[in-house]
Each structure stands twice: as structure tokens, then as C-alpha cells.
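J.: Numbering (the numbering used here), first residue to last: 183 to 343. Virtual Cβ for every residue (Gly too), placed ideally from N, Cα, C. The model shown is predicted, which means the values in this text are computed figures rather than measured ones. Mind looking over this structure? Questions follow.
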């Protein structure tokens, strides 16, 4: 069972890697490595952000707390991340709306969520941007394609330098 879950999770990361490679061909990346937001989870007032770096198999995990993003832990095994964030397994093959990233820009705080219309096709993903103000969520934008987000003002939440 654990092996099947690990294989399913690895396959979803490979699809994200393929997506980032496709995007890399479309636009030249800067010298600095980029990370792609793949999962986020809110625990209390803190956000735990999982980001996959180009050409790397183990994602980096950060904590966003009190307006600051810091490295959370350094993991050497994917199963350790899955144990701490079990929601990652269901998020990659789910049609539920899932938190994928956060962004603070121009004094405003945003949560980005994704919802796959087809759990097996990453290209059929709707990304919704919510502005969080006084504990209330307000939809700011909704994108019918992950590629649309890359051309939007919210791309910094998805592709991180």
C-alpha cells in the first residue's frame, strides 16, 4: 500500500516536472534555480509550502508565518514529507479544491488554490486566487488553465525564484 502511494505521488511529481520542462522550453529561465509550488497546507496561522525545484526529486518545504517565508525542514526522503503532510497524496489525484500557494504582494495577501476537472490531466486545472482580508476570502481571479497563471500578476506564487 505504501509503495503504491509513493509511486502515485512520484508519478504526479514527474508530471509536474514534465510541465515545468515544457514551460522551460517556452521561456528561458534565469540563471537562478526556480521552484514550482506543488502543495500547501494551513495549520493554525502558519502555511506549510511544498515547492519542487528544477531537476530535483525531493521538494523543499517552507513555513510562511507572520509574513515571512523560512525553510521548515530539510528532507532526504519523500516518504518523510508524506508522513508529515499526508494530504499531499490525495491532493494530486483529487477533484477537490486544494491550497497550492500563498502570495503577499503590494500589501495584500492571497491564497491560490487549484481544482482539477480531470484528476489525470494537469492541464485541466482551474486555479483560483483569493484575497484574504480580515479573515474573509474574496475571489479575485479564476484561471481555466495553469498556463494562464504563468502570464498573470500571481505567477510569483507558482514559480518562485
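When the Cα atoms are used, what is the spatial distance from residue 321 to residue 313?
T.: So the two alpha carbons sit approximately 6 Å from each other.
J.: Using 8 Å for Cβ pairs, my map puts residue 307 next to residue 340. What's the rounded Cβ distance?
T.: About 11 Å separates the two Cβ atoms, so there is no contact after all.
J.: Any contact of the region 216 to 236 with the region 271 to 286, i.e. 3+ C-beta pairs under 8 Å?
T.: Yes, they touch.
J.: Does the contact criterion of 3 or more C-beta pairs under 8 Å hold for the region 235 to 242 versus the region 279 to 292?
T.: The answer is no - the region 279 to 292 does not touch the region 235 to 242, with fewer than three Cβ pairs under 8 Å.
J.: Could you check what DSSP says for residue 238 in three-state terms: helix, strand or coil?
T.: Reduced to three states, the DSSP call for residue 238 is coil.
J.: For residue 296, which beta-bridge partners are listed by DSSP?
T.: In the DSSP output, where bridge partners are listed per residue, residue 296 has 280, 309.
J.: Could you pull out every residue in the same chain whose Cβ sits closer than 7 Å to the Cβ of residue 249, ignoring the five residues on either side in sequence?
T.: So the qualifying residues of the chain are 286.
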